[in-house]
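If you count the sequence shown from 1, position 202 lands on 231 in the numbering used here, and the numbers rise without skipping.
No residue lacks a Cβ here, since even glycine has one placed at the ideal position from N, Cα and C.
Below: one structure, written as structure tokens.
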Amino acid sequence: MVTGGHVTMPVTLDTTVKDVKIFLGQHQDRKPYYYRLLLGKKDMKVRAPDGTANKLVRYTGPQCAGVTVTAIAPYSAYAGMNTIPGAAVDDHGNAHGAAYDLGEDGAFQGLTAAVLQLSGFDFVAPRTALEEKGFTLVHWVCIPSEAEFTQALSGAFQCWVISGHSGDAPLGAGHLDSLKHFYERGGGVYLWGDNDPYFFHANVVAHTLLGPGISLEGNDWGDRHLSPRPSTKAGSGFDSNSLLFTGIAKLYEGITIARVCAAGRTGVKTIMVSSHRQPLPGVINDGRHRLIVDGGFTRLFCHWDAAGSARFVKNASAWLCGVDADWV
Numbered sequence: 030m031v032t033g034g035h036v037t038m039p040v041t042l043d044t045t046v047k048d049v050k051i052f053l054g055q056h057q058d059r060k061p062y063y064y065r066l067l068l069g070k071k072d073m074k075v076r077a078p079d080g081t082a083n084k085l086v087r088y089t090g091p092q093c094a095g096v097t098v099t100a101i102a103p104y105s106a107y108a109g110m111n112t113i114p115g116a117a118v119d120d121h122g123n124a125h126g127a128a129y130d131l132g133e134d135g136a137f138q139g140l141t142a143a144v145l146q147l148s149g150f151d152f153v154a155p156r157t158a159l160e161e162k163g164f165t166l167v168h169w170v171c172i173p174s175e176a177e178f179t180q181a182l183s184g185a186f187q188c189w190v191i192s193g194h195s196g197d198a199p200l201g202a203g204h205l206d207s208l209k210h211f212y213e214r215g216g217g218v219y220l221w222g223d224n225d226p227y228f229f230h231a232n233v234v235a236h237t238l239l240g241p242g243i244s245l246e247g248n249d250w251g252d253r254h255l256s257p258r259p260s261t262k263a264g265s266g267f268d269s270n271s272l273l274f275t276g277i278a279k280l281y282e283g284i285t286i287a288r289v290c291a292a293g294r295t296g297v298k299t300i301m302v303s304s305h306r307q308p309l310p311g312v313i314n315d316g317r318h319r320l321i322v323d324g325g326f327t328r329l330f331c332h333w334d335a336a337g338s339a340r341f342v343k344n345a346s347a348w349l350c351g352v353d354a355d356w357v
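What follows is the structure, given as structure tokens:
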């Protein structure tokens, strides 16, 4: 049965992974692995213990017989499109409405996003946006105990670290160990910094996860709008081939921003280049991990309504879940 972005199929003791994939291919025009798969209420697509791409848990036994597999297509039909033909647009030329985000509203219900916010600003807009997508938030505005942090990450699908400055309390060894374990098991990580000195915690976590070859640095003046380009090597702009820019034809770069330095040494791909031709957000998507490092956290509050900001943040939350990673 097909209902919008949802597909259901019955499960028997003989159902195989191949059966599920064939069924999805027959009933939807999207790639079979562009789905969240639920057996009853439990996610079936998980990261393997070695951190490799999403694998389908092979549920067997009498408890599975007669249970329905529900396939939810979390990505919209416009995934990967910067400009949406026929769509109404806002003042910046971006398609207007949540239907043109990368992730469908409500499609991530049951998934937890942990947010460690170490800079003091109002988080109400991103909280509302993430909840509209279906995420449950665990949100701290100061460093929690190592035990509380570890427990929260054990049930989370992604973790955001919003950096404070060097005068703030540091993360403990236990917090960093938990983040390392979370990342290695396939959890999505978003490291947020901003202009100097607001990248202290982001850099510490980046070095923990990736080694010393990457850091946020600087205090670059921006205050311009960027457009899509087929390659970020062509000058300022953002990668038109990245799912993160779905529904974005124009993006505000931020006013004073930190650049991502030495990204190539750690496998981080630059997806945006500033008006000063400096690398801005970078990502890792190697089949084992998903990570974003971003030097412009003002898009979370005072520039939330600037061109493309809110949509980029929402797209990032969907992308970090890795639903487009293949499974066999």
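Going by C-alpha to C-alpha distance, which of the options sits closest to residue i?
i, options, result
"T44", "L68, L309, A128, Q57", "L68"
"S303", "H210, G132, N232, D252", "D252"
"Q55", "V36, R294, H121", "V36"
"N270", "A108, K60, K70", "A108"
"S183", "D197, G163, L140", "L140"
"T261", "R294, L272, Q307, E213", "Q307"
"S207", "F228, T237, D197, N232", "T237"
"H125", "G351, L159, A345, A336", "A336"
"G8", "E161, K298, P39", "This structure cannot settle anything about residue 8, because the visible part of the chain is limited to 30 through 357."
"R156", "Y129, C350, W333", "W333"
"D197", "F228, F274, R328", "F228"
"I313", "C331, G247, A235", "A235"
"V233", "A185, S195, R214", "S195"
"H305", "L159, E282, A291, G240", "E282"
"L349", "A291, M38, L159", "L159"
Would you report the Cα separation of residue i and residue j, rounded to the nearest angstrom?
i, j, result
"S174", "A117", "47 Å"
"S338", "A100", "30 Å"
"L66", "D353", "12 Å"
"D72", "Q138", "11 Å"
"D225", "G324", "10 Å"
"H230", "W250", "22 Å"
"Q57", "T97", "17 Å"
"F211", "D134", "26 Å"
"S265", "G122", "18 Å"
"D48", "Y219", "35 Å"
"P310", "K343", "15 Å"
"H29", "L205", "Because the chain in this structure spans residues 30 to 357, residue 29 falls outside the shown range and cannot be described."
"D119", "V322", "27 Å"
"N248", "E213", "31 Å"
"Y129", "R59", "16 Å"
"C331", "L53", "42 Å"
"K106", "G240", "A small fix is needed here, since residue 106 is Ala in this sequence, not Lys. Approximately 37 Å between the Cα atoms of the pair."
"T89", "I284", "Bear in mind that a pLDDT of 49 at T89, under 50, signals an unreliable position, so the number given afterwards is only what the model happens to contain. If you take the alpha carbons of T89 and I284, they lie about 54 Å apart."
"V40", "A136", "22 Å"
"A176", "A291", "33 Å"
"R328", "R294", "27 Å"
When the distance is taken between beta carbons, is residue j closer than 8 Å to residue i?
i, j, result
"L200", "I172", "yes"
"D223", "I300", "no"
"V289", "L320", "no"
"G163", "Q187", "no"
"F326", "W169", "no"
"T165", "G203", "no"
"Y104", "A263", "no"
"P61", "K74", "no"
"G296", "D315", "yes"
"F440", "L272", "Because the chain in this structure spans residues 30 to 357, residue 440 falls outside the shown range and cannot be described."
"Y63", "A102", "yes"
"A142", "A185", "yes"
Using a Cβ-Cβ cut-off of 8 Å, state whether residue i counts as contacting chain D.
i, result
"F178", "Considering every chain present, this structure includes no chain D. It has just one protein chain."
Any 3 or more C-beta pairs closer than 8 Å across the segment 247 to 261 and the segment 275 to 282: They touch, by the three-pair rule.
Tell me, please, whether the segment 104 to 121 touches the segment 142 to 152 by the rule of three or more beta-carbon pairs shorter than 8 Å. no
Report yes or no: do three or more beta-carbon pairs, one from the segment 132 to 147 and one from the segment 187 to 197, lie closer than 8 Å? Enough Cβ pairs lie closer than 8 Å, so yes.
Any chance you could list the beta strand (DSSP E) runs of at least 3 consecutive residues sitting entirely within the segment 161 to 222, in chain order? 165 to 169, 187 to 191, 217 to 221
Would you mind listing the alpha helix (DSSP H) stretches within the segment 92 to 123 that are 4+ residues and don't spill past its ends, in chain order? none
Go through the segment 288 to 323 residue by residue and report every complete run of the beta strand (DSSP E) that reaches 3 residues or more, in order. 311 to 314, 319 to 323
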